[in-house]
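Everything in the sequence shown is counted per this note's numbering, starting at 99 for the first residue and increasing by one. Reviewing the structure listed below.
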Amino acid sequence: MTYLNKIGGSQTVDRIIEEFFKRMDALPEARAVRDLHREDLAQTKGVMKRYFSEWLNRPAGISTPLGQSGLASRHATMPIGATERDAWMQCMREALHAVVTDEQIRSELEERLYQLADHLRNDEEK
99 MTYLNKIGGS
109 QTVDRIIEEF
119 FKRMDALPEA
129 RAVRDLHRED
139 LAQTKGVMKR
149 YFSEWLNRPA
159 GISTPLGQSG
169 LASRHATMPI
179 GATERDAWMQ
189 CMREALHAVV
199 TDEQIRSELE
209 ERLYQLADHL
219 RNDEEK
């Protein structure tokens with residue numbers, strides 16, 4: 099069974115992403131990361147929901163069409179250091195806690211998402 103099934107399907111992904119962006123807008127420590135995105139988040143949310151649905155619906159180790167390298171290239175123009183990674187993870191961790199009730203699954207997802215977020219770092223000085 100994939101993580102997508104374990105958490106309740108695409109509707110749950112939609113809720114996670116909506117909760118994530120609520121925190122991106124609300125948390126002062128996430129302001130710098132939020133400012134890297136357009137004011138209108140409709141397109142960004144759509145891409146993120148599709149990516150997460152694909153990412154969660156595959157066995158571990160199998161790449162999505164965007165893949166990690168594709169994801170990194172999409173973020174290459176954004177300065178992403180440890181501070182940005184950690185702010186992104188704070189928002190994602192809080193969104194997961196708000197939506198995913200199974201503690202073990204939530205913990206596994208947090209670990210995998212941290213690895214993904216850390217892979218996107220492109221600014222070692224930050």
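Ideal Cβ placement from N, Cα and C applies to all residues, glycine included.
Does M176 pass the burial test, meaning 16 or more other C-beta atoms within 10 Å, or should it be called exposed? It is exposed - the Cβ of M176 has fewer than 16 other Cβ atoms within 10 Å.
Could you pull out every residue in the same chain whose Cβ sits closer than 8 angstroms to the Cβ of D136, ignoring the five residues on either side in sequence? The question names Asp, but residue 136 is Arg in the sequence shown. Around R136: T142.
Between the CA atoms of L211 and L194 - distance to the nearest angstrom: Approximately 11 angstroms between the Cα atoms of the pair.
Simplified DSSP state of V145, which is helix, strand or coil: Helix.
Cα separation between F119 and C189? Those two C-alpha atoms are separated by around 8 angstroms.
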